[in-house]
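First residue of the sequence shown? That's 687 in our numbering, and the numbers climb one at a time after it.
Just so it is clear, CB atoms sit at the ideal spot from N, CA and C, and this is done for glycine as well.
Below is one structure; the comments refer to it alone.
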Amino acid sequence: TSFFTSAQRTRECQARALCRGACELLNLPLDTSVTALTAVLRFYAARRERECENGTSTNDAVVHHASVSPEIVVPSAIYLACKLEESVTRVADVVNTTHLLVTTGAEDAGLAKITLTSRANVRMKDEDARELAEGLELAGYDASAADDGVIVGALYYEYKDRILELEQDVLRAMDYELNTEQPHKFMFHIVHAIGGGEALACAASAALLNMMFDTDDLLLTTDAPTLAAAAVHLSSIILKCEGELKTVDERKWYEILGFDFEKMAIVNERFLNETSDNT
687 TSFFTSAQRT
697 RECQARALCR
707 GACELLNLPL
717 DTSVTALTAV
727 LRFYAARRER
737 ECENGTSTND
747 AVVHHASVSP
757 EIVVPSAIYL
767 ACKLEESVTR
777 VADVVNTTHL
787 LVTTGAEDAG
797 LAKITLTSRA
807 NVRMKDEDAR
817 ELAEGLELAG
827 YDASAADDGV
837 IVGALYYEYK
847 DRILELEQDV
857 LRAMDYELNT
867 EQPHKFMFHI
877 VHAIGGGEAL
887 ACAASAALLN
897 MMFDTDDLLL
907 TTDAPTLAAA
917 AVHLSSIILK
927 CEGELKTVDE
937 RKWYEILGFD
947 FEKMAIVNER
957 FLNETSDNT
């Protein structure tokens with residue numbers, strides 16, 4: 687379903703922002719980032735459907751429950767994507783990257799703090815917390831001042847367990863489909879086929895990323911080729927190079943390649959409208 691209540695839209699907007707920031711900070715390849723985003727969106731789409739069925743879609747306490755907080759869903763999806771796309775990344779790096787973004791942000795990387803309506807509420811077991819406090823006290827440290835923002839030890843293993851447990855739920859939401867269509871691959875082929883240059887390819891790549899990460903479930907509701915074509919068309923207008931692209935008998939490139947212009951226009955309209963609403 688593409689229906690969102692206000693609470694659901696807020697949750698997914700936060701999840702997309704966290705996913706994008708974490709993928710960027712981890713320096714993940716495009717295909718891994720898209721697979722991670724797809725996993726996040728599919729998880730929440732399945733969750734939305736259940737919430738609508740049981741009448742809890744407008745209940746903030748249910749929608750923003752700690753068990754489905756982006757703080758735990760996003761790292762689970764990213765780690766799964768890293769395995770599916772063979773991007774070597776440690777669980778510890780994924781955990782600490784997302785933790786950094788929701789606590790302080792990463793100023794050095796130009797990434798602001800991402801405020802979440804709900805946190806994952808992951809805590810150490812009482813015994814582990816007591817042992818940590820006693821160890822810090824014996825070492826002469828103030829336990830309250832010893833937190834440097836890095837998740838290690840028993841708390842890290844709590845996060846890791848939650849992430850790996852949730853991975854099965856993410857896979858079920860994806861119907862165990864392990865291959866994700868990559869819109870960027872279509873986009874680069876389109877630019878090459880219509881005689882576009884490097885500037886158009888770069889602009890379309892950026893536009894495509896923004897479309898996927900900044901627009902409600904556009905990645906799930908639009909086929910990858912149409913999404914790619916819409917990004918190319920929008921970028922050609924912005925760069926004012928549309929007239930330089932391939933035509934045959936006054937037919938535009940998208941007609942020659944068999945794309946549905948109305949579908950492309952709908953994609954661009956949704957993207958531009960939502961971008962305008964968020965500024």
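Rounded straight-line distance, which links the Cα of residue j to that of residue i
i: Asp900; j: Asp935; result: 37 Å
i: His878; j: Gln700; result: 35 Å
i: Asn865; j: Ile837; result: 32 Å
i: Asp794; j: Glu757; result: 21 Å
i: Ser921; j: Leu841; result: 45 Å
i: Asn807; j: His750; result: 12 Å
i: Val748; j: Arg776; result: 31 Å
i: Leu931; j: Lys871; result: 19 Å
i: Ala917; j: Thr933; result: 18 Å
i: Leu958; j: Asn896; result: 10 Å
i: Ala914; j: Cys888; result: 13 Å
i: Phe689; j: Glu737; result: 11 Å
i: Glu941; j: Ile876; result: 12 Å
Buried versus exposed, by CB contacts within 10 Å (16 or more), residue i
i: Ser804; result: buried
i: Ala892; result: exposed
i: Cys709; result: buried
i: Thr718; result: buried
i: Glu698; result: buried
i: Gly976; result: No statement about residue 976 is possible, as the shown extent of the chain runs from 687 to 965 and does not include it.
i: His919; result: buried
i: Asn740; result: exposed
i: Asp833; result: Here Asp833 scores only 47 on pLDDT, less than 50, and its place in the model is too uncertain to base an answer on.
i: Tyr845; result: buried
i: Ala629; result: This structure gives no information on residue 629, because the portion of the chain shown stretches from 687 to 965.
CB of residue i within 8 Å of CB of residue j, strictly
i: Thr696; j: Ser743; result: no
i: Val720; j: Cys705; result: no
i: Asp902; j: Glu960; result: yes
i: Thr784; j: Pro761; result: yes
i: Leu787; j: Gly707; result: yes
i: Leu711; j: Ala792; result: yes
i: Val754; j: Arg728; result: no
i: Ala703; j: Asp746; result: no
i: Leu716; j: Ser773; result: no
i: Cys927; j: Leu886; result: yes
i: Val781; j: Leu852; result: no
Residue range of the unbroken alpha helix (DSSP H) whose run includes residue i
i: Lys846; result: Gly839 to Ala859
i: Glu710; result: Ser692 to Leu711
i: Val759; result: Pro756 to Leu770
i: Pro869; result: Pro869 to Ala879
i: Ser891; result: Glu884 to Asp900
i: Asn782; result: Val777 to Thr789
i: Tyr862; result: Run containing Tyr862: none; DSSP gives neither H nor E here.
i: Cys738; result: Leu716 to Glu739
Review point. Quick check: the region 908-928 against the region 946-964, are there 3 or more CB pairs under 8 Å?
Key: yes
Check your understanding: Quick one: any contact between the region 759-771 and the region 849-856, if contact means 3 or more CB pairs under 8 Å?
Key -> Judged by pairs of C-beta atoms under 8 Å, the region 759-771 touches the region 849-856, as three or more such pairs exist.
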